[in-house]
Amino acid sequence: MTNQKKRTLNELLKKPIVTYSFLAIQLVVFLLMTIDGGSESIATLIKYGAKENMSIAMGQWWRLVTPMFVHIGALHIIVNSVTLYYLGIQLEGIFGHFRFALIYVLSGIAGNVASFAFNDAVSAGASTALFGLFGTALMLAETFRHNSQMQEMAKTFAIFIGLNLVTGFMSTSVDNSGHIGGLIGGFLIATAISVPKASSDLTVKRILSGITYLIAIAFFIAIGFKKTQIGL
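As numbered in numbering that gives the first Met the number 0, residues 0 to 231 make up the sequence shown, in order.
Dropping the structure here:
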């Protein structure tokens, strides 16, 4: 490989390519939904992968992943896309591409599993994963307590988290269970994955966080499945 090609590859790897990829996926899905019946149609939402409890209980487990790329209306995708862009470029730079992708997807799964357990409505949106990124910022502040930049970032996000949760509790259209699940899941999985070259002193904490995440996922799936079966 020539020096020019190496420089080009290195420059590409420094860009938040995972953030851009997630943005592209959700924008393409939104465009397809708009053309194919509209993004606010329940039938279209379910067709494109929204969280629908009965379908999940019947074996469509992929609906615990796909809802984070499906959005309901133009305002929904605009707000989530802007949030993903600003959070993503910061956190992807800190964690690296692979770790960031894992945190985002596993946070979204945690939020969707919590929604499956506690919210019967059809739901969708990147906010489960985005709240996971908020949880990741809190994890960074808790892990690097002497880093003033991390502390300031966490304070800003803590205010935003509080406002969103209060708004969510006041609105029946907001999936707060998904938000809280994503927030907790993001904190746990970010702790388990940690930053590159993490201190060996964090090993036990990382293992316990990973185990807690897995137990929580299994527990919420069991609750959701039991509630759905009762509904039958």
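Backbone N, C-alpha and C define an ideal beta-carbon position, used for all residues, glycine too.
Query	Result
Three-state class that DSSP yields for Ser-176 in the structure shown	helix
Coil, strand or helix - Lys-14 by DSSP	coil
Where Gly-181 falls, given that 16 or more other Cβ within 10 Å makes a residue buried	buried
Proximity winner among Leu-83, Gly-209, Val-112, Glu-51, relative to Tyr-103 (alpha-carbon distances)	Leu-83
For Ala-49 and Ser-69, believed in contact at Cβ under 8 Å, the rounded distance	The amino acid occupying residue 69 in the given sequence is Val; Ser does not appear at that position. Sure, about 5 Å apart at Cβ, within 8 Å.
Status (buried if at least 16 other CB within 10 Å, exposed otherwise) for Asp-174	buried
Same chain, Cβ closer than 7 Å to Phe-99, five either side skipped, listed in chain order	Val-17, Leu-90, Glu-91
DSSP-derived helix/strand/coil call for Ser-193	coil
Cross-strand partners of Lys-50 (DSSP beta bridge)	Ser-122
Short Cβ contact (8 Å threshold) for Phe-130 with His-75	no
Residue ranges of each alpha helix (DSSP H) within the segment 69-153, 4 or longer	73-94, 96-117, 126-142
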